[in-house]
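So the protein sequences, as listed, match chains A, B and C. According to my numbering, the first sequence holds residues 1 to 275 in order. According to my numbering, the second sequence holds residues 1 to 379 in order. According to my numbering, the third sequence holds residues 1 to 204 in order. Every residue gets a Cβ at the ideal spot worked out from N, C-alpha and C, and that includes glycine. A quick write-up on the structure given underneath.
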Amino acid sequence: MAQRSDITHKYLRAKKKFPNVWCAGCGIGIVMGSLIRAIDKLELDRDNVTLVSGIGCSSRMPVYLDFNTLHTTHGRALAFATGVKLANPKMHVIVITGDGDALAIGGNHFIHSCRRNMDITCILINNQIYGMTGGQFSPTTPTDSYASTAPYGNKEYPFDIPKLAEAAGATYVARGTVYHVTQLDQLIYDGIKKRGFSLVEAFSNCHTYFGRLNRLGDSVKMLEDMKKNALPLKAAAKMPPEKVQGKLLTGVFCDVEREEYCDRYDALIQSLQGK
Amino acid sequence: MAENIRLMQGNEAVAEGAMIGGLRFFGGYPITPSTEIAEILARRLPKVGGKFIQMEDEIASVAAIIGASLTGSKSMTATSGPGFSLMVEGIGYAYMAEVPTVIVNVQRGGPSTGLPTKVSQSDTMQARWGTHGDYIAIVLAPQSVRETLDLTVRAMNLAEVYRTPVTLLTDEVLGHMREKVTIPEEGELEIINRQKPDVPASWYKHFEITPNFKSPMASFGDGYRFHVTGLTHDEEGFPTNKSVEILAKLTKLRNKIMRYLDDICQIETDGMEDAHVAVYAYGIVARAARQAVQMARARRMKVGQIRPITIWPSHDKKYREIFSSKNLEAVIVAELNQGQLVYEVQRLVPKHVEVISLNRFDSELITPAQILNKIKEVR
Amino acid sequence: MSMTSHPKPDKTGASHTDSESIDRYEIRLSGSGGQGLILAGVMLAEAVATVDGKNCVQTQSYGPEARGGASRADVVISSGEIYYPKPMQLDLLLALSQEACDNYYRDLKENGLLIVDSHLVTQVPTTRWIGIPFSQLARHEIGNTMVANVISLGAICAISGVVSEAGLIEVVKRRAPRGTEEKNLAALQLGLTEGKKAKDRIRS
């Protein structure tokens with residue numbers, strides 16, 4: 001593990017920005033570790049990596065990391081990222097967002113980013129609630145779960161993130177959890193490597209709000225539940241549907257080839273300039 | 001006839017000016033009456049290696065141009081009132097994060113979706129106060145097609161020099177009107193690019209507060225690896241809650257513009273030396289005003305004209321000087337709205353000068369005859 | 001520089017100057033959407049601006065509907081600077097529909113020139129007007145109703161002289177959709193001829 005944390009420290013704005021804002025036991029830090037290891041393994045030039053985020057607990061991540069970092073307005077991270085990427089296609093653009101940020105206020109940008117297929121990696125940390133503002137229900141809060149704005153239980157139905165992303169046209173869609181770290185490292189690594197729009201859902205815990213309001217226990221308990229409840233897609237495929245019901249499916253939901261937007265636009269420039 | 005003389009539409013002039021000014025990125029969303037700007041740039045930008053993208057809405061459009069500008073591309077979007085309403089979020093961000101951007105608002109009738117194909121100046125105050133928080137807006141307003149071209153270039157220059165969003169405020173008539181234009185020759189118009197840092201990365205502060213309030217700006221990818229946020233931040237860009245740093249940041253944002261009013265603010269005056277009455281109007285209405293002033297002067301009436309070209313910020317000192325013209329008794333403020341800039345004039349005239357509002361908001365232009373009648377009423 | 005060098009239609013007496021507007025000539029092309037009037041306005045303005053070298057502003061008015069509604073294009077021409085960009089009092093009104101004629105006749109100067117499509121405008125509110133059956137000519141002489149706008153430009157040129165023939169020829173060549181250049185040039189010539197005839201009728 002010592003080796004792992006050495007890698008992590010190489011990429012942190014350690015002297016400037018710590019301690020961080022996250023609650024003790026929050027899963028977001030685990031996702032940050034996975035992201036760092038993926039970038040390190042890919043040997044990306046950190047001057048050519050831009051992290052873009054919106055608003056929320058997860059969106060605070062870029063400030064701690066020593067890359068080009070852009071912390072934007074609520075829901076708009078993907079739209080800002082689209083400008084960065086198209087204006088400078090050499091840039092590796094990675095968006096860090098949450099369930100409220102990406103799917104509620106940023107829902108429109110999310111589906112259009114999937115559709116447009118620009119080479120952007122979107123890491124969506126799903127903790128099923130608005131943490132920063134104090135535990136209001138989000139588009140992924142399960143039906144009948146409690147939230148500070150759902151004191152009698154959530155009357156709505158949640159999004160299925162991988163299905164939404166795939167239907168909207170993302171070329172790589174995967175889900176991991178903050179319990180299954182090795183898998184999450186790999187999914188983020190593959191997502192960044194993919195030339196096209198990639199969506200990696202990182203299922204995480206918010207014990208402070210979601211856990212407390214729904215009596216799901218502390219961080220450790222919620223991670224243990226994640227371990228119990230997660231089911232790899234490959235395993236699920238061999239199981240009867242009733243056994244899959246209610247499980248958190250993990251793995252790669254979609255990995256298809258489609259010509260990337262900036263490549264297509266670059267080809268247009270080349271042809272117009274007669275090259 | 002020389003090839004550089006063309007019959008050109010106002011919206012076309014925005015695109016032409018943008019290309020001359022070095023635009024490399026346009027992100028927009030279709031809206032009448034601004035759409036021609038996007039259509040022309042969609043065709044022209046890729047020919048010079050620039051980028052055009054049609055985003056999913058105006059919020060995304062302004063976000064995209066901010067992202068693009070941070071990589072070093074001169075960036076612009078164009079819209080009309082309903083789109084501008086959505087863009088104010090991003091404009092506030094660009095102001096706070098000090099990102100050079102140009103927003104063109106081809107005004108149409110409001111409120112709400114209003115009158116898509118009709119002229120108006122009812123976004124005058126929105127351009128100034130649209131976004132939340134204290135904010136100093138730079139807003140330019142042309143009166144002709146050629147001036148639209150010139151001010152587009154100037155808007156880009158000001159955005160780069162002051163690291164701030166700049167709004168070009170035109171309107172439906174100006175946007176769609178065609179006029180004889182002499183295309184400027186290469187080198188005729190000054191083109192300014194942003195100042196880049198020359199210090200090592202470890203010394204660089206993206207939001208440095210310097211004695212003259214101007215600070216060089218690195219791009220993403222230049223090796224400086226800085227942080228940008230809409231949260232109130234320190235000189236390095238990291239969020240702060242320290243009141244000393246907050247004060248320093250917000251003071252800088254204000255001073256970097258307000259200390260340079262002489263450079264930013266253009267005001268045109270005519271015949272104010274002996275004027276008893278002045279007509280104050282901007283943009284397309286200034287042309288009716290000019291016609292009316294000519295008519296009045298042909299009748300030996302001593303009438304002058306004041307035309308703000310930079311609508312915002314207000315150069316209070318300069319206006320006070322103009323309004324203190326020794327014979328001035330009244331100022332007629334002609335606007336295509338229910339009265340917006342008139343409050344600025346009221347604020348700045350000496351006590352003895354009467355301020356008269358001339359408003360029209362039935363979707364038609366104010367005519368020279370209307371202004372002339374008002375002049376006659378005053379006398 | 002003034003515009004007095006242009007031949008003026010004597011009998012109709014459209015003058016280029018009065019005390020209110022110096023050195024301005026204001027034209028309105030009006031009718032229904034789909035008659036190509038905005039394009040005609042653009043062509044007229046382009047000829048004046050880029051070939052004749054005068055100052056010129058072209059504006060337009062249209063509703064949200066692209067076809068069928070009222071449509072108009074205004075052109076203001078001057079050798080000097082043009083301040084107010086829209087017409088104040090028309091020197092020339094072209095009306096290709098009864099509705100346009102009724103709506104805009106009152107915007108015409110006292111001695112202004114009214115040109116109507118004599119087939120489409122049956123009730124003219126004055127005795128001083130020129131009628132040419134533009135739409136019928138387009139259909140029967142050229143074989144395409146779409147060129148009525150170009151015929152009317154030819155007539156305006158011949159009658160008012162405010163735009164040069166050479167200018168219109170150049171611009172029609174430039175703006176006509178590919179493959180329709182000849183038809184449009186023929187339409188222009190037809191308009192010039194009909195315009196001259198109409199002018200002579202007034203003179204005699």
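So which of the options has the shortest CA-CA distance to residue i?
{"i": "Y280 (chain A)", "options": "B:I53, B:P33 and B:T32", "result": "Only positions 1 to 275 of chain A appear in the structure, and residue 280 (chain A) is not among them; the question remains open."}
{"i": "K163 (chain A)", "options": "A:S58, A:I39 and A:C254", "result": "A:C254"}
{"i": "K36 (chain B)", "options": "B:E172, B:I257 and B:A248", "result": "Lys is not the amino acid found at residue 36 (chain B); the sequence shown has Glu there. E36 (chain B) has its Cα closest to that of B:E172, out of B:E172, B:I257 and B:A248."}
{"i": "I151 (chain C)", "options": "C:W129, C:C56, C:R128 and C:E182", "result": "C:E182"}
{"i": "E89 (chain B)", "options": "B:I66, B:I59, B:T113 and B:S80", "result": "B:I59"}
{"i": "G107 (chain A)", "options": "A:I120, A:K275, A:T140 and A:G83", "result": "A:T140"}
{"i": "F110 (chain A)", "options": "A:E224, A:R13, A:T82 and A:S148", "result": "A:T82"}
{"i": "T15 (chain A)", "options": "B:D270, B:I246, B:P308 and B:F238", "result": "Going by the sequence as given, residue 15 (chain A) is Lys instead of Thr. Comparing Cα-Cα distances from K15 (chain A) to each of B:D270, B:I246, B:P308 and B:F238, the minimum goes to B:F238."}
{"i": "K318 (chain B)", "options": "B:C265, B:Q294, B:A141 and B:T164", "result": "B:C265"}
I'd like the list of long-range same chain contacts for residue i, defined as Cβ closer than 8 angstroms, with 5 residues on each side in sequence excluded.
{"i": "L86 (chain A)", "result": "M118, Y261, C262 and Y265"}
{"i": "P30 (chain B)", "result": "A38 and Q54"}
{"i": "G211 (chain A)", "result": "N205, G217, D218, S219, K221 and M222"}
{"i": "I22 (chain C)", "result": "Any reading at I22 (chain C) needs caution, since the residue's pLDDT is 42, under 50, leaving its predicted position unreliable; the model's value is listed next. Result list for I22 (chain C): G80, in chain order."}
{"i": "D40 (chain A)", "result": "I7, K10 and Y11"}
Is there a Cβ of chain C sitting closer than 8 angstroms to that of residue i, yes or no?
{"i": "I5 (chain B)", "result": "yes"}
{"i": "Q107 (chain B)", "result": "no"}
{"i": "A288 (chain B)", "result": "yes"}
{"i": "Q121 (chain B)", "result": "no"}
{"i": "G10 (chain B)", "result": "no"}
What did DSSP end up calling residue i once you bin it into helix, strand or coil?
{"i": "E3 (chain B)", "result": "coil"}
{"i": "K280 (chain A)", "result": "Since the first residue shown for chain A is 1 and the last is 275, residue 280 (chain A) is missing from the structure and cannot be characterised."}
{"i": "C262 (chain A)", "result": "helix"}
{"i": "K180 (chain B)", "result": "strand"}
{"i": "R43 (chain B)", "result": "helix"}
{"i": "F25 (chain B)", "result": "strand"}
{"i": "V57 (chain C)", "result": "strand"}
{"i": "I22 (chain C)", "result": "Unreliable placement is indicated for I22 (chain C), whose pLDDT of 42 sits below 50; the coordinate value is still reported in the next sentence. In this structure, I22 (chain C) counts as coil in the three-state DSSP scheme."}
{"i": "S204 (chain A)", "result": "coil"}
{"i": "N68 (chain A)", "result": "strand"}
{"i": "K109 (chain C)", "result": "strand"}
{"i": "H227 (chain B)", "result": "strand"}
{"i": "L164 (chain A)", "result": "helix"}
{"i": "L120 (chain C)", "result": "coil"}
{"i": "F137 (chain A)", "result": "strand"}
{"i": "C265 (chain B)", "result": "coil"}
Give me, in chain order, the residues of the same chain whose beta-carbon lies closer than 6 angstroms to that of residue i; leave out the 5 immediate sequence neighbours on both sides.
{"i": "S164 (chain C)", "result": "D52"}
{"i": "R178 (chain B)", "result": "L7 and Q9"}
{"i": "S122 (chain B)", "result": "G110 and N337"}
{"i": "V181 (chain B)", "result": "R6, M8, V145 and R146"}
{"i": "I36 (chain A)", "result": "T8 and Y11"}
{"i": "R24 (chain B)", "result": "G50, S73 and K74"}
Can you confirm whether residue i, when its beta carbon is compared against all beta carbons of chain B, has any partner nearer than 8 angstroms?
{"i": "D40 (chain A)", "result": "no"}
{"i": "Q136 (chain C)", "result": "no"}
{"i": "N48 (chain A)", "result": "yes"}
{"i": "M32 (chain A)", "result": "no"}
{"i": "H92 (chain A)", "result": "no"}
{"i": "Q189 (chain C)", "result": "no"}
Looking only at its chain, what residues have a beta carbon closer than 7 angstroms to the beta carbon of residue i, apart from the 5 residues adjacent to it on each side?
{"i": "G114 (chain B)", "result": "G81 and R108"}
{"i": "Y135 (chain B)", "result": "G92 and Y95"}
{"i": "S314 (chain B)", "result": "E344"}
Check whether chain A comes within 8 angstroms of residue i, counting only Cβ atoms and requiring the distance to be less than that.
{"i": "G83 (chain B)", "result": "no"}
{"i": "P239 (chain B)", "result": "yes"}
task = Below 9 angstroms between beta carbons is the criterion; list the residues of the region 163-181 of chain B that meet it against any residue of chain C, in chain order.
result = V173, L174, H176, M177, R178, E179, K180 and V181
request  = Compile a chain-ordered list of the residues in the region 63-77 of chain B whose CB is closer than 9 angstroms to at least one CB of chain E.
outcome  = Note that chain E does not occur in the displayed structure, where the protein chains are A, B and C.
request  = Give, in chain order, every residue of the region 344-368 of chain B whose Cβ lies closer than 7 angstroms to some Cβ of chain C.
outcome  = L365, T367 and P368
query = Taking any Cβ of chain B, which residues in the region 46-58 of chain C have a Cβ under 7 angstroms from it, in chain order?
reply = E46, A49, T50, V51, G53, N55, C56, V57 and Q58
request  = Residues of the region 96-111 of chain A with a CB closer than 9 angstroms to any CB of chain B: list them in chain order, please.
outcome  = N108, H109 and I111
ask   = Going along the chain, which residues of the region 54-66 of chain A sit with their C-beta nearer than 8 angstroms to a C-beta in chain B?
value = P62, V63 and D66
ask   = Quick one, which residues of the region 83-107 of chain C are near chain B if we go by CB-CB under 9 angstroms, in chain order?
value = Within the region 83-107 of chain C, the qualifying residues are Y83, Y84, P85, K86 and M88.
inquiry  = To be precise: take each residue of the region 47-60 of chain B, compare its Cβ to all Cβ atoms of chain A, and keep it if any distance is under 7 angstroms. Which residues remain?
reply    = Only K47, G49, K51, I53, M55, E56, D57, I59 and A60 from the region 47-60 of chain B bring a Cβ to less than 7 angstroms from some Cβ of chain A.
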